[in-house]
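> So the mapping is simple: the numbering used here equals the position in the sequence shown, first residue as 1, plus 1. Ideal Cβ placement from N, Cα and C applies to all residues, glycine included. A quick note: this is a predicted structure, and the numbers were derived from the prediction, not measured.
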Amino acid sequence: MKTSEILKIVGDRIDNMGTKGVYYPRRIKPKWKSLKSEKEKMQLFEKLVSSPEPSIGFRSLVRKNLCSKTLEAILFENPEIEKSFQTKDVLDICKKKFIKYKNGEAFLKQMEASK
2 MKTSEILKIV GDRIDNMGTK GVYYPRRIKP KWKSLKSEKE KMQLFEKLVS SPEPSIGFRS
62 LVRKNLCSKT LEAILFENPE IEKSFQTKDV LDICKKKFIK YKNGEAFLKQ MEASK
């Protein structure tokens, strides 16, 4: 998958992750829009999904069973993206984040079933 395709998916997810009464990407959206190069955007995406600690947005979305709106969900929908990262085992890091929540576990089971 080309970097431009990955960034299109991520950009669309950031634009659509806001959910009234649940979460609005107040910090990530302007940061994403301010980055100009593909390299900077890929580095930010990798940094966000490879962090072992769930972000406020991740927690808010997963608690309301909106797992598919998270950036981490992109990796389960398109596992080949992980090859673009310098960080190893990003998918495992994301699984550990989802497993911390009941809705997250259900999401992982759903993604396994759809393979």
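Would you kindly report the start and end of the unbroken alpha helix (DSSP H) that includes Arg60?
Segment 57-64, the alpha helix (DSSP H) holding Arg60.
> Express the C-alpha separation of Phe59 and Ser69 in angstroms, rounding to a whole number.
10 Å
> Is Thr1 buried or exposed, if buried means 16 or more other CB atoms sit within 10 Å of its CB?
The question about residue 1 has no answer here: the residues shown for the chain are numbered 2 through 116.
> Quick check: what's the CA-CA separation for Ser115 versus Val91?
20 Å
> Of the residues Arg64, Ile82, Asp93, Leu67, which one's Cα is nearest the Cα of Lys3?
Answer by Cα proximity: Ile82.
> Roughly how far, in whole angstroms, is the beta-carbon of Arg14 from the beta-carbon of Ile75, given that I think they are within contact range, below 8 Å?
6 Å
> With burial defined as no fewer than 16 other Cβ atoms inside 10 Å of the residue's Cβ, what is the status of Lys98: buried or exposed?
buried
> So for Thr71, helix, strand or coil by DSSP?
coil
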